[in-house]
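Numbering (our numbering), first residue to last: 13 to 734.
Let me begin by presenting the structure, written as structure tokens, before commenting on it.
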Ligand SMILES: *Cc1c(COP(=O)(O)O)cnc(C)c1O
């Protein structure tokens, strides 16, 4: 059916190249440390509760300086520290045990399905959030993509990820003393990542050409191991390419529109070509958001080369494509006009048997309207066998939104379904919580995390033990937050009194409230300070201390988002606010992990219906945090009255009125329900009512919002692999 690849040709998929890189690193280390080199080249360690501090133990300070990158740690640690590790039998034993677990993990047979190593599910995304040391993610979309690759590994589902290797990654954030966001970038050195260039049969880097901007741009391919799942990253940093073309893989969501479109074309066309060159012929291509939307066209092109006519080729490509849309916000469905598409894609449409007009029609809701821009989302919907939104409510919103694509159908029969997002438990659950559940939920419970019955045993956990875990995780968060807040304030040249207020004010036993996410206007951070008297009032209840930890990045060209923390910073002359409100710069996976682990209350205040899903609230729930959020996205289906607090999810007629109302309700719930419940302590000092709600939250959210449930939904409903 597909253009024949010699059946016996060996897979040139880079696996051996990663093994060789690990071997080369092992040779540079003292012999007893060889297991560390092998572990370092597979991110599997990052979600193994017994291994997460293995590298850190070698040299804790260096580990932070290396931003948790094990390759850099092993190459940059002093020989004195390495020698100390060599003499630490316990540490060596733990590394050997981890290597044993990794080897066993890789040797497990794959899930029985029509997917296989040669014909895996190819998961395409512009960003992947695997670990803080691999800075090729911006936010929720990438973190979800990372969670899916990890869960595919846990389920032994044959999957490969394909993305881009950005040589400067995503921006780093620094807010100034006024609360305005500034951006800077740091070069990423792929030689020092746990990644290896995929080599061709001749031993030189495998490359594929992609027709772009009127010429052929050459890309090479890096392989990163994510447990059993390889992640391939395309990279235009090749001597064949001019400087501007090399810049295509310079920065994630680069500001220049034409270059951004070239990135997406590179991802779509390049991924199919690179996989093919490695001997991989995916049984399904899953487009995670529209960026890789040209992939099914490239699939169709190969079918035409194999002799099929255009309509058969398109049908075959569609049969292999699954498309997930993630956003009802206009900026997430970016449109390109005719000249932009033509200048980036050049002759490519003719290679898939279309003239320019026919090609542009694929990206429009009204194909014959020449003024309608070209958007990847309609392309994805038209070129896929299965399309979905990422929560039940978002499914409804997406059907409404894309109804013009199906003018003959009523909205509720538009063929866009939903698969609600979930989070990868072993990544997001703090170690104390994991240990507690290991004791009460039974052997191998993580493998059964998507069964309702698995979580029943939460009921029987003694309140004191659960409370103890909450206290431990909160204390770890507060320690990090205090340290970072002081460092951030010093960096901003804030007055010393303000710096010291954080040292004094952030305390480990206070009700800790977290708000951390992309600073897009629709997320409504400003509801916290539209009426400053309300937040002051909450903070002033000095016998019942409450503290707010806030973090998040705004897109560099979103001026309103970049200014949005200023309303919080404006409170800093108020002593209580100075002590108990902290904005943590440079939100990333590491800060997220600590915040969702330690916050008692997680808040999300989006303007309905713009939150497609939201996932950070699920992460907080898995750690025993409670949600107080707008009934939009995932929370509209997660909230059941007993497991947290819900704010109205109605769609606004007058957004100003809605904001005033929602801010008032938010503070009412906080002051009248949340704070009293948290501080209602038994004689034993334990807030039994609060813990009862935590248990209901764990039992109801744990099974339904895990990545395991999500990926199994994709396997059954979208990929139809079984
Ligand atoms: C989970 C996560 C997100 C997404 O959070 P939302 O609740 O969907 O806004 C963004 N960034 C990081 C680093 C995350 O871990």
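Even glycine gets a Cβ: it sits at the ideal position worked out from N, Cα and C.
query                                                                                                                                                                               : result
Rounded to whole angstroms, how far is the Cβ of residue 717 from the Cβ of residue 456, which I believe are closer than 8 angstroms?                                               : Residue 717 to residue 456, Cβ: 20 angstroms. No contact.
Cα separation between residue 318 and residue 133?                                                                                                                                  : 22 angstroms
For residue 15, which residues from the same chain have a beta carbon less than 7 angstroms from its beta carbon, with the 5 sequence-adjacent residues on both sides left out?     : Low local confidence applies: a pLDDT of 44 at residue 15 is under 50, so the model's placement there is unreliable, with the coordinate-based value given in what follows. Counting only Cβ-Cβ distances below 7 angstroms, and skipping sequence neighbours, we find 314, 317 and 318.
Alpha carbon to alpha carbon, how far is residue 441 from residue 477? Give it in angstroms, no decimals.                                                                           : 16 angstroms
Within the continuous beta strand (DSSP E) that includes residue 55, where are the two ends?                                                                                        : Segment: none, residue 55 is in no beta strand (DSSP E) and carries neither H nor E.
Apply the 10 Å Cβ neighbour rule to residue 665 and answer buried if 16 or more other Cβ atoms are within range, or exposed otherwise.                                              : exposed
Specify the secondary structure class of residue 628 as computed by DSSP and reduced to three states.                                                                               : helix
Hey, quick one: how far does the alpha helix (DSSP H) through residue 82 stretch, first residue to last?                                                                            : 82–88
Please return the same chain residues whose Cβ sits closer than 7 angstroms to the Cβ of residue 139, not counting the five positions on each side in sequence.                     : 148, 149, 150, 153, 154, 157, 175 and 264
With a threshold of 6 angstroms on Cβ separation, who are the neighbours of residue 285 within its own chain once the five nearest residues in sequence on each side are excluded?  : 220
Measuring straight from C-alpha to C-alpha, what distance separates residue 32 and residue 301?                                                                                     : 34 angstroms
Excluding the 5 residues flanking residue 757 on each side, which residues of the same chain have their C-beta closer than 6 angstroms to its C-beta?                               : The requested residue 757 does not occur in the structure, where the chain is confined to residues 13 to 734.
Can you give me the Cβ contacts of residue 13 inside the same chain, cut-off strictly under 6 angstroms, excluding the 5 residues immediately before and after it?                  : Confidence in residue 13 is poor, its pLDDT being 39 and thus under 50, which makes the residue's placement too unreliable to answer from.
Keeping to the same chain, check which residues put their C-beta closer than 6 angstroms to that of residue 616; ignore five residues upstream and five downstream.                 : 626, 629 and 641
For residue 487, which residues of its own chain have a beta-carbon under 6 angstroms away from its beta-carbon, when the five flanking residues on both sides are left out?        : 520
Helix, strand or coil: how does DSSP classify residue 217 here?                                                                                                                     : strand
Mapping DSSP to helix, strand and coil, what is residue 210?                                                                                                                        : coil
Count the other C-beta atoms from every protein chain shown that fall within 10 angstroms of the C-beta of residue 619, then say buried if there are 16 or more, exposed otherwise. : buried
Is the closest heavy atom of ligand 1 to the C-beta of residue 189 under 7 angstroms?                                                                                               : no
DSSP has residue 186 in a bridge; who is on the other side?                                                                                                                         : 194
Which word fits residue 500, buried or exposed, when buried means at least 16 other C-beta atoms lie within 10 angstroms of its C-beta?                                             : buried
Along the chain, where does the beta strand (DSSP E) that runs through residue 656 open and close?                                                                                  : 656–659
Are the Cβ atoms of residue 523 and residue 687 separated by less than 8 angstroms?                                                                                                 : yes
Quick check on the DSSP output: the alpha helix (DSSP H) that includes residue 165 runs from which residue to which?                                                                : 152–166
Shorter than 7 angstroms, the distance from the beta carbon of residue 437 to the closest heavy atom of ligand 1, or not?                                                           : no
If I follow the unbroken beta strand (DSSP E) through residue 595, where does it start and stop?                                                                                    : 593–596
Do you know offhand how far residue 658's Cα is from residue 723's?                                                                                                                 : 27 angstroms
Where do the N-terminal and C-terminal ends of the beta strand (DSSP E) with residue 241 fall, by residue?                                                                          : 241–247
Looking at the structure shown, is residue 113 part of a helix, part of a strand, or coil, going by DSSP?                                                                           : helix
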